[in-house]
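Student: Take a look at this one; I'll ask things after.
2 protein chains.
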Amino acid sequence: MSSTAGVPIAIGPADPAPTLLVKAVTEGGGTVTDLDEAHGFVFAGPVSAFPERLPANVRWVQLPAAGVEDWFAAGIIQAHPGVEFTSAAGAFAASVAEHALAMLLAGVRYLPEQLRATSWRQEEFYPHVGSLRGKTVTILGAGGIGRALIPLLVPLGTRIIAVNRSGRPVTGPGIPDDVETVPADQLGRVWSHTDHVVIAAPATAETRHIVGAEELARLGPTSWVINVARGSLIDTDALVAALTAGSIGGAGLDVTDPEPLPDGHPLWTLPTVILTPHDSNPPHLRLAAFADHVAANVARFVAGAELLAPIDPARGY
Amino acid sequence: MSSTAGVPIAIGPADPAPTLLVKAVTEGGGTVTDLDEAHGFVFAGPVSAFPERLPANVRWVQLPAAGVEDWFAAGIIQAHPGVEFTSAAGAFAASVAEHALAMLLAGVRYLPEQLRATSWRQEEFYPHVGSLRGKTVTILGAGGIGRALIPLLVPLGTRIIAVNRSGRPVTGPGIPDDVETVPADQLGRVWSHTDHVVIAAPATAETRHIVGAEELARLGPTSWVINVARGSLIDTDALVAALTAGSIGGAGLDVTDPEPLPDGHPLWTLPTVILTPHDSNPPHLRLAAFADHVAANVARFVAGAELLAPIDPARGY
Chain A
1096 MSSTAGVPIA IGPADPAPTL LVKAVTEGGG TVTDLDEAHG FVFAGPVSAF
1146 PERLPANVRW VQLPAAGVED WFAAGIIQAH PGVEFTSAAG AFAASVAEHA
1196 LAMLLAGVRY LPEQLRATSW RQEEFYPHVG SLRGKTVTIL GAGGIGRALI
1246 PLLVPLGTRI IAVNRSGRPV TGPGIPDDVE TVPADQLGRV WSHTDHVVIA
1296 APATAETRHI VGAEELARLG PTSWVINVAR GSLIDTDALV AALTAGSIGG
1346 AGLDVTDPEP LPDGHPLWTL PTVILTPHDS NPPHLRLAAF ADHVAANVAR
1396 FVAGAELLAP IDPARGY
Chain B
1096 MSSTAGVPIA IGPADPAPTL LVKAVTEGGG TVTDLDEAHG FVFAGPVSAF
1146 PERLPANVRW VQLPAAGVED WFAAGIIQAH PGVEFTSAAG AFAASVAEHA
1196 LAMLLAGVRY LPEQLRATSW RQEEFYPHVG SLRGKTVTIL GAGGIGRALI
1246 PLLVPLGTRI IAVNRSGRPV TGPGIPDDVE TVPADQLGRV WSHTDHVVIA
1296 APATAETRHI VGAEELARLG PTSWVINVAR GSLIDTDALV AALTAGSIGG
1346 AGLDVTDPEP LPDGHPLWTL PTVILTPHDS NPPHLRLAAF ADHVAANVAR
1396 FVAGAELLAP IDPARGY
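So the protein lines, in turn, are chains A and B. Sequential numbering of the first sequence, starting at 1096, is according to our numbering. Sequential numbering of the second sequence, starting at 1096, is according to our numbering.
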């Protein structure tokens, strides 16, 4: 508290460093220095630009990616056994969760059709304006995005069912105890309780077409399906069929299959589709989110506390 | 807990009573009975249908309106001095707050333009997709709607400035201590800190055109103006000018001036306007919200606890 100089932290590879990152380091209690004097190193560039050998004074490296397979593949983490590496895991989830909420609320509030109106159609619109209050939102995937979305949905009066692989209760800041967690192998039993679905699970062989014709048939005419994960998790043909038939309320898609979605695809013009071209986490928001993560981790590093998103060299992530 | 029959509550005037209300009374711990046996009376009709004289067994009446001027004007409350009356004040705010959030998020996430797209315009859209995180939302009016909106905005990482007449700190469930409250007579000093504005204040002589050319000029090119109160609170011509010039990001309007908005008005076709025809609280959601309020008040009546939204005959509201 009485010291004026903070813990020395270097920022690379751009020189000068982005203002947002300088501010983040300073806010966290660090002082921006050269790499050969730094105890911490915030790296905001690609794998190819990482220094071959870090000086011995560096004890902690903050990498800019949430998934760090490439950094292991390049041998960067293995080359520095005495250095603690942290990833940006979790940092980018908030923006995607906000996007999912925006699409879900826009759909439930009937905004797509209302946006097309050019005259006062109040009586016609009344029955179509819905609410999330008292509705059950099933979130497929309880990773960073799912865990960031739950605290946004709770104050709207929703019930939440989280589906993850293990079925272990989802916990985290702003996540109430009464969130029901269902293991993925029992997914079949959630549909009869589900009003809306948000897909936020990784793309794997098991999650391919996790929402297909059968699942869509269990939803109702006011149900919205939101996908902020990967296009392959939805059976696109089955989705187009359900949307065309009106058997579901609509779909909010930040990802598609195929992606990019080709011109002329029916998803472009179906009236109950909100389609955004995989822009839920645009570059300028990524940098801002990374800066927030850096500020939090610098503060922890300065305090000698456990760092966020530590990388385990033995496990490879 | 061991009794099977609950406290006797009548529902009027429709016979049979709406299922939602029967369910609400039962959930609250009441049993639906005839009026001449009831201790409580849930009334869901117009002033003109209220019984001239309630039987002496009735000790509490739940009225269906948030504002009860008409019920005083008809002498209904004064005619029953021994009976406690409650209004539905606060019950209908949640739906309007949800609508305001839906419009604000849709605007910030650039959904209107993205909804019009028929090809993959990711690079073009990237810089326009914004976030509420770290932004300041100024809420004009800290009544039921404003107080219901704050807990929805807080988990999105917003800062909130609430403007009310007195400047007394806004409190309530889900409202953090660090919400800044500014008295309306110092409104001028909030604009330089404001990213987005939500108008949720009553229409009075003082609030007419509370957002006009001068206020709009203080906002920036990504600022959204949301109005869920009354059309007269915005200077419509000034708003159209700001939207046309692109000096603000956009407007989400559930109310207009004039209202209904006539065909051909520029607000119908400006690309950065989300216009809904005063449908943020449609009849079916009003009934559901009233049922929730009834369930809560029956539970309080059964428990002998203080009732929600008590009417004070001396004050007239």
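C-beta: ideal position from N, C-alpha, C; glycine also.
Indicate whether B/Phe1187 and B/Ala1384 have their beta-carbon atoms separated by less than 8 Å.
Tutor: Yes, Cβ-Cβ distance for B/Phe1187 and B/Ala1384 is below 8 Å.
Student: For B/Ala1086, which residues from the same chain have a beta carbon less than 8 Å from its beta carbon, with the 5 sequence-adjacent residues on both sides left out?
Tutor: Outside the modelled stretch of chain B, which goes from 1096 to 1412, sits residue 1086 of chain B, for which no answer is possible.
Student: Between B/Ile1369 and chain A, is the shortest Cβ-Cβ distance under 8 Å, so that the two count as touching?
Tutor: Closer than 8 Å to some Cβ of chain A, the Cβ of B/Ile1369 qualifies, so yes.
Student: How would you label A/Thr1351, buried or exposed, when you count the other beta carbons within 10 angstroms and need 16 or more for buried?
Tutor: It is buried - the Cβ of A/Thr1351 has at least 16 other Cβ atoms within 10 Å.
Student: Are the beta-carbon atoms of B/Ala1201 and B/Gly1238 separated by less than 8 Å?
Tutor: For B/Ala1201 and B/Gly1238, no; Cβs fall outside 8 Å.
Student: Just how far apart, CA to CA, sit A/Ala1160 and A/Val1389?
Tutor: One C-alpha to the other measures close to 12 Å.
Student: Taking DSSP as the reference, what is the three-state secondary structure of A/Val1117?
Tutor: A/Val1117 falls in the helix class under three-state DSSP.
Student: Nearest by alpha-carbon distance to A/Asn1392: which of A/Gly1162, A/Ala1183, A/Glu1132 and A/Ala1100 is it?
Tutor: If we check each option's Cα against that of A/Asn1392, A/Ala1183 comes out closest.
Student: Apart from the five residues on each side of it in sequence, which residues of its chain come closer than 7 Å, Cβ to Cβ, to A/Leu1115?
Tutor: Answer for A/Leu1115: Leu1382, Ala1383 and Ala1386, listed in chain order.
Student: Between A/Leu1312 and A/Ala1333, what straight-line distance do the alpha-carbon atoms span, to the nearest angstrom?
Tutor: Checking the sequence shown, residue 1312 of chain A turns out to be Ala, not Leu. If you take the alpha carbons of A/Ala1312 and A/Ala1333, they lie about 10 Å apart.
Student: Between which two residues does the alpha helix (DSSP H) holding B/Ala1336 run?
Tutor: From DSSP, the alpha helix (DSSP H) with B/Ala1336 extends over Thr1331 to Ala1340.
Student: Go ahead and pull the three-state DSSP assignment for A/Leu1348.
Tutor: If DSSP states are grouped into helix, strand and coil, A/Leu1348 belongs with the strands.
Student: Quick one: any contact between the segment 1338-1348 of chain B and the segment 1170-1179 of chain A, if contact means 3 or more CB pairs under 8 Å?
Tutor: Judged by Cβ distances under 8 Å, the segment 1338-1348 of chain B makes no contact with the segment 1170-1179 of chain A, as fewer than three pairs qualify.
Student: So B/Phe1180 is in the beta strand (DSSP E); what residue range does that whole segment cover?
Tutor: Residues Glu1179 to Thr1181.
Student: Under 8 Å between C-beta atoms, does B/Ser1098 make it to chain A?
Tutor: For B/Ser1098, the predicted model reports a pLDDT of 45, less than 50, meaning its position is unreliable and no value from the coordinates is stated.
Student: B/Val1232 by DSSP, collapsed to three states: which one?
Tutor: The answer is strand: DSSP assigns B/Val1232 an E or B state.
Student: I want to verify the contact list: residues of chain A whose CB lies under 8 Å from the CB of B/Trp1319, in sequence order.
Tutor: Neighbours of B/Trp1319 on chain A: none; closest Cβ ~12 Å, over 8 Å.
Student: Which two residues bound the contiguous beta strand (DSSP E) that contains B/Phe1138?
Tutor: Taken as a continuous stretch (DSSP letters only), the beta strand (DSSP E) holding B/Phe1138 covers Gly1135 to Phe1138.
Student: Residues in the same chain with beta-carbon distance under 8 Å from A/Val1163, minus the five sequence neighbours each way, listed in chain order, please.
Tutor: So the qualifying residues of the chain are Ile1172, Phe1180, Ser1182, Ile1406 and Tyr1412.
Student: For A/Val1258 versus A/Ala1243, is the C-beta spacing smaller than 8 Å?
Tutor: No.
Student: Rounded C-beta distance between B/Trp1155 and B/Phe1396? I'm assuming under 8 Å.
Tutor: Right, the Cβ-Cβ distance comes to about 6 Å (below 8 Å), so this counts as a contact.
Student: So B/Val1153 and B/Ala1168 are in contact, right, with Cβ under 8 Å, and what is the actual spacing, rounded?
Tutor: So it is not a contact: roughly 21 Å between Cβ atoms.
Student: Can you list, in chain order, the residues of its chain whose CB lies under 7 Å from that of B/Phe1220, leaving out five sequence neighbours each side?
Tutor: Around B/Phe1220: Tyr1205 and Gln1209.
Student: Which residues mark the beginning and the end of the beta strand (DSSP E) in which A/His1291 is found?
Tutor: Per DSSP, A/His1291 belongs to the beta strand (DSSP E) from His1291 to Ile1294.
Student: Got a sec? Which residues, its chain only, sit under 8 Å from B/Leu1158 by beta carbon, not counting five neighbours each side?
Tutor: Phe1138, Trp1166, Phe1180, Thr1181, Ser1182, Ala1183 and Ile1406.
Student: Start and end of the beta strand (DSSP E) containing A/Val1397?
Tutor: That residue, A/Val1397, is in no beta strand (DSSP E); its alpha helix (DSSP H) goes Pro1378 to Ala1398.
Student: With 16 as the cutoff for other CB atoms within 10 Å, does B/Ala1409 come out buried or exposed?
Tutor: B/Ala1409 is exposed by the Cβ-count criterion.
Student: Which chain B residues sit within Cβ distance under 7 Å of A/Asp1280?
Tutor: Under the 7 Å cutoff, chain B gives no residues; its nearest Cβ is about 31 Å from A/Asp1280.
Student: Taking 8 Å as the threshold (beta carbon to beta carbon), is A/Pro1408 in contact with chain B?
Tutor: It does not: the Cβ of A/Pro1408 has no partner Cβ on chain B nearer than 8 Å.
Student: Find the nearest neighbour of A/Glu1193 within the set B/Gly1185, B/Gly1252 and B/Gly1236, judged by alpha-carbon distance.
Tutor: For A/Glu1193, the nearest C-alpha among the options comes from B/Gly1252.
Student: Residues in its own chain within less than 7 Å of B/Asn1376 by CB, not counting five upstream and five downstream?
Tutor: Here the set comprises Phe1187, Ser1190 and Val1191.
Student: What's the call for B/Ser1318, buried or exposed, on a 16-neighbour Cβ count within 10 Å?
Tutor: That one is buried.
Student: Excluding five sequence neighbours on each side, which residues of the same chain lie with their C-beta closer than 6 Å to the C-beta of B/Pro1378?
Tutor: If we look at B/Pro1378 and ignore the five residues flanking it on each side, it has no Cβ neighbours.
Student: Out of A/Asp1358, A/Gly1241 and A/Pro1250, point me to the one whose CA is closest to A/Val1323's CA.
Tutor: Among A/Asp1358, A/Gly1241 and A/Pro1250, the Cα nearest to that of A/Val1323 belongs to A/Gly1241.
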